[in-house]
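*Asks:* Numbering (my numbering), first residue to last: 603 to 952.
Where a beta carbon is used, it is the ideal one built from N, C-alpha and C, also for glycine.
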Amino acid sequence: MTEDNKIGYAVLGLGVGKSHVESALGCEKCRLVAVCDIKAEKVKSVTDQHPEVTGYTDFEDLIRDERVDIISVCLPSAMHADYAIRAMEAGKHVLIEKPMDITCEAIDRIERARIKTGKKVGGIYQNRNNAVMKPLKEAVDSGKLGKIFLGTFAVKWLREPSYFEGEHSWHGTWAMDGGGSLINQAVHTLDIMQWIMGKPVTVSSVMSVNNHSIESEDLTASVFTFENGATATFLSTTCCYPGLSTDIQVYGTDGSVEIDGDKLKLWKIKGEDERDEEDMLDRYGRGNRIAAAYQPGMKYGHITQVEDMIDAVIEDRDPQIMPKEAKKAVKLIESVYLSARTGETVKIDW
Ligand SMILES: NC(=O)c1ccc[n+]([C@@H]2O[C@H](COP(=O)([O-])OP(=O)(O)OC[C@H]3O[C@@H](n4cnc5c(N)ncnc54)[C@H](O)[C@@H]3O)[C@@H](O)[C@H]2O)c1
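#1: Kindly indicate the opening and closing residues of the beta strand (DSSP E) around G724.
#2: Name the DSSP bridge partner or partners of T754?
#3: Considering just the uninterrupted stretch of the beta strand (DSSP E) at W869, what are its terminal residues?
#4: Could you tell me whether the Cβ atoms of G845 and S818 are closer together than 8 Å?
#5: Rank I640, G615, K641 and G610 by C-alpha distance to the C-alpha of A626 and give the top, closest one.
#6: Here's the rule I'm using: 16 or more other beta-carbon atoms within 10 Å means buried, otherwise exposed. How should N607 be labelled?
#7: Measure the Cβ-Cβ separation of V805 and A823 and say whether it is below 8 Å.
#8: Does the Cβ of I726 lie closer than 7 Å to at least one heavy atom of ligand 1?
#9: If you draw a straight line from the C-alpha of G720 to the C-alpha of M690, how long is it?
#10: Given a threshold of 16 other Cβ atoms within 10 Å of its Cβ, counted over all protein chains shown, does A894 qualify as buried or as exposed?
#11: Compare the beta carbon distance of E713 and V675 with 8 Å and say whether it is the shorter of the two.
#12: If you check the beta carbons only, do L664 and A612 fall under 8 Å apart?
#13: What is the DSSP secondary structure of V948, reduced to helix, strand or coil?
#14: Could you tell me the distance, in whole angstroms, from the CA atom of L697 to the CA atom of A733?
#15: For Y658, report the span of its beta strand (DSSP E) as first-last.
#16: Should the stretch 779 to 798 be regarded as contacting the stretch 834 to 851, the criterion being three or more beta carbon pairs within less than 8 Å?
#17: Pick out whichever of V825, L634, D910 and D684 has its Cα sitting closest to the Cα of E946.
#18: Let me know if H682 comes out buried or exposed under the rule of 16 or more other beta-carbons within 10 Å of its beta-carbon.
#19: Looking at K933 and I950, is the spacing between their C-beta atoms short of 8 Å?
#20: Is the shortest distance between the beta-carbon of D663 and the beta-carbons of chain B less than 8 Å?
#21: Do A832 and I709 have their beta-carbon atoms positioned less than 8 Å apart in this structure?
#22: Cα separation between E936 and S783?
#23: So, for D754: in the same chain, excluding its five sequence neighbours on each side, which residues have a beta-carbon less than 6 Å away from its beta-carbon?
#24: Taking the runs of the beta strand (DSSP E) that are 3 residues or longer, which of them lie wholly in the stretch 662 to 720?
#25: V637 bridges to which residues according to DSSP?
#26: Following the continuous beta strand (DSSP E) through E769, name the residue where it begins and the one where it ends.
#27: So the candidates are T827, D875 and P701; which of them puts its Cα closest to the Cα of N786?
#28: Let me check understanding here. Comparing Cα to Cα, which of I672, V637 and K870 lies closest to G657?
#29: Candidates V618, P802, V908 and D884: which alpha carbon is nearest G628's?
#30: What span of residues does the alpha helix (DSSP H) with M809 cover, start to end?
#31: Give a yes or no on whether the C-beta atoms belonging to R669 and V635 are separated by under 8 Å.
#32: Just to confirm the assignment, what range does the beta strand (DSSP E) spanning G857 have?
#33: Helix, strand or coil, according to DSSP, for T649 in the structure here?
#34: Classify T906 as helix, strand or coil using the three-state DSSP reduction.
#35: Between R711, L760, G725 and E769, which lies nearest to I640 when the distance is taken from Cα to Cα?
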């Protein structure tokens with residue numbers, strides 16, 4: 603707690619961690635009290651602008667700071683569990699970037715530490731809070747789309763060679779990133795696939811490296827089958843010039859929904875007239891680059907999850923994404939890579 607009785611917030615790792623910094627600075631219920639990065643210049647770039655924030659280059663100093671209640675863990679992915687567990691053991695709550703770690707085993711360690719220390723653990727999957735996801739989720743869960751039989755998901759992004767070089771050379775490595783386009787870029791969409799479509803039971807995959815000097819993959823293609831009988835295709839790549847969108851398309855016996863990035867592209871439900879469809883496209887599609895930004899009172903991106911984490915601590919409740927939930931996409935990633943390596947269809951061992 604801070605002297606004025608606000609939640610003390612800290613950010614560890616100042617790459618995407620800068621979004622957590624901005625979110626904490628913008629939240630009235632907390633004070634950003636500290637940032638930490640082994641690179642002193644990154645720490646200075648925050649403390650120069652915000653002299654009230656303490657800068658650390660040593661994690662041990664950060665966890666000794668008694669004002670700090672919550673730490674956003676924004677380190678390279680394979681470091682998440684070790685640092686989050688040490689933070690919890692030092693009495694801090696943690697909000698952990700995606701993927702929560704690169705293996706289910708590591709996420710299980712986080713879960714055990716959560717139970718042992720009684721601290722709160724949240725995971726980041728901010729795209730679940732894109733405005734357009736709410737009507738899609740409701741249409742599926744309420745049965746409005748009928749029986750879901752097909753989903754097609756495609757993450758068609760581009761990453762330049764520089765993304766995998768220098769201080770970012772951990773990207774695309776099995777040891778630190780846990781893989782390539784699937785675990786780093788497409789994990790959000792894979793999480794959304796299982797969140798919307800239900801429990802996958804088998805997967806058949808291939809993977810390849812096409813246009814990068816990396817050891818893992820820059821393309822995966824998978825076919826999933828689901829407990830409810832549905833089928834989904836899932837593509838991830840970082841090779842699509844000049845960087846294309848993310849397609850999320852869900853088809854049920856009573857309707858079809860197609861999303862392009864975070865914009866609604868098609869909304870067709872049996873029994874709804876054209877005006878309903880037009881209304882949905884006006885609200886969630888067309889020129890709305892980020893539909894949430896156009897919805898009064900709604901927020902987009904990391905801020906939703908940083909605020910949720912702070913509220914979870916204040917209200918003593920679970921954060922939006924618990925380790926068990928964060929683990930599901932990582933389970934699917936392990937299964938895709940296993941199938942691609944062995945050439946076999948993998949039964950997903952939940
Ligand atoms: N949610 C999203 O949209 C999103 C976007 C990008 C990255 N991420 C995730 O965030 C995490 C970080 O990715 P990034 O792109 O910011 O990486 P990055 O390499 O840009 O940043 C990581 C930072 O951690 C620092 N660091 C490394 N070891 C440290 C240590 N021991 N103590 C303190 N600081 C240390 C590095 O100096 C670097 O500044 C990854 O897990 C990634 O998957 C999430």
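*Replies:* On the basis of the data shown:
#1: Counting from 1 along the sequence shown, the entry for residue 724 is found at position 122. Start and end: V723 to G725.
#2: Stepping through the sequence shown from its first residue, residue 754 is reached at position 152. Bridge partners of T754: T835 and Q851.
#3: The residue labelled residue 869 in the question sits at position 267 within the sequence shown. Run containing W869: K865 to I871, per the beta strand (DSSP E) assignment.
#4: The residue given as residue 845 occupies position 243 in the sequence shown. The residue given as residue 818 occupies position 216 in the sequence shown. Taking 8 Å as the Cβ cut-off, G845 and S818 do not qualify as a contacting pair.
#5: For the purposes of this step, residue 626 is taken as the residue at position 24 of the sequence shown. Of I640, G615, K641 and G610, the residue nearest in Cα terms is G610.
#6: Taking the sequence shown and counting its residues from 1, the one referred to as residue 607 is at position 5. N607 comes out exposed.
#7: Position 203 of the sequence shown, counted from the first residue, corresponds to residue 805. Position 221 of the sequence shown, counted from the first residue, corresponds to residue 823. No, the Cβ-Cβ distance between V805 and A823 is not below 8 Å.
#8: Position 124 of the sequence shown holds residue 726. Answer for I726: yes, Cβ within range of ligand 1.
#9: In the sequence shown, residue 720 corresponds to position 118, counting from 1. In the sequence shown, residue 690 corresponds to position 88, counting from 1. When rounded, the distance between both Cα atoms is 8 Å.
#10: Stepping through the sequence shown from its first residue, residue 894 is reached at position 292. Note on A894: pLDDT 38, under 50, position unreliable in the model; the coordinate value appears next. A894 comes out buried.
#11: Sequence index remark: in the sequence shown, residue 713 carries index 111 (1-based). Sequence index remark: in the sequence shown, residue 675 carries index 73 (1-based). No, the pair does not count as a contact, with Cβ atoms beyond the cut-off.
#12: Within the sequence shown, numbered from 1, the residue matching residue 664 stands at position 62. Within the sequence shown, numbered from 1, the residue matching residue 612 stands at position 10. Yes; because the gap between Cβ atoms is below 8 Å, this pair is in contact.
#13: On the sequence shown, residue 948 is found 346 positions in, with the first residue counted as 1. It is a strand residue.
#14: Translated into positions along the sequence shown, residue 697 becomes position 95. Translated into positions along the sequence shown, residue 733 becomes position 131. Their Cα atoms are separated by approximately 22 Å.
#15: What you label residue 658 is simply residue 56 of the sequence shown in a count that begins at 1. Where Y658 is concerned, the enclosing beta strand (DSSP E) stretches over T656 to Y658.
#16: yes
#17: In the sequence shown, residue 946 corresponds to position 344, counting from 1. With distances taken between Cα atoms, E946 lies closest to V825.
#18: One-based indexing of the sequence shown puts residue 682 at position 80. Buried.
#19: The residue you call residue 950 lines up with position 348 of the sequence shown. The residue you call residue 933 lines up with position 331 of the sequence shown. Against a cut-off of 8 Å, the Cβ pair of K933 and I950 comes out as a contact.
#20: Within the model displayed, chain B is absent; a lone protein chain is all it includes.
#21: One-based indexing of the sequence shown puts residue 709 at position 107. One-based indexing of the sequence shown puts residue 832 at position 230. Contact: no.
#22: Reading the sequence shown from its first residue, position 334 is the one you call residue 936. Reading the sequence shown from its first residue, position 181 is the one you call residue 783. Approximately 13 Å, taken between the alpha carbons.
#23: Working through the sequence shown from its first residue, we reach residue 754 at position 152. With the sequence shown as reference, residue 754 is identified as Thr, and Asp is not the correct amino acid for it. Contacts found: T835 and Q851.
#24: 672 to 675 and 695 to 698
#25: For this step, residue 637 is matched to residue 35 along the sequence shown. DSSP lists V613 and G657 as partners of V637.
#26: Here residue 769 refers to the residue found at position 167 when the sequence shown is read from its first residue. Run containing E769: none; DSSP gives neither H nor E here.
#27: In the sequence shown, counting from the first residue as 1, residue 786 sits at position 184. Residue P701 is the option with its Cα nearest to N786.
#28: The residue labelled residue 657 in the question sits at position 55 within the sequence shown. Residue V637 is the option with its Cα nearest to G657.
#29: Residue mapping note: residue 628 aligns to position 26 of the sequence shown, counting from 1. If we check each option's Cα against that of G628, V908 comes out closest.
#30: Start at 1 with the first residue of the sequence shown, and residue 809 comes out as number 207. Premise fails: M809 lies in the beta strand (DSSP E), P802 to S810, not in any alpha helix (DSSP H).
#31: Position 67 of the sequence shown, counting from 1, holds the residue named residue 669. Position 33 of the sequence shown, counting from 1, holds the residue named residue 635. Their beta carbons are under 8 Å apart, which means R669 touches V635 by this criterion.
#32: Position 255 of the sequence shown, counted from the start, is the residue given in the question as residue 857. Element bounds for G857: G857 to D862.
#33: Counting from 1 along the sequence shown, the entry for residue 649 is found at position 47. T649 falls in the helix class under three-state DSSP.
#34: Here residue 906 refers to the residue found at position 304 of the sequence shown. Residue state, collapsed to three classes: helix.
#35: Residue numbering aside, residue 640 sits at position 38 when the sequence shown is read from its first letter. The candidate whose alpha carbon is nearest that of I640 is E769.
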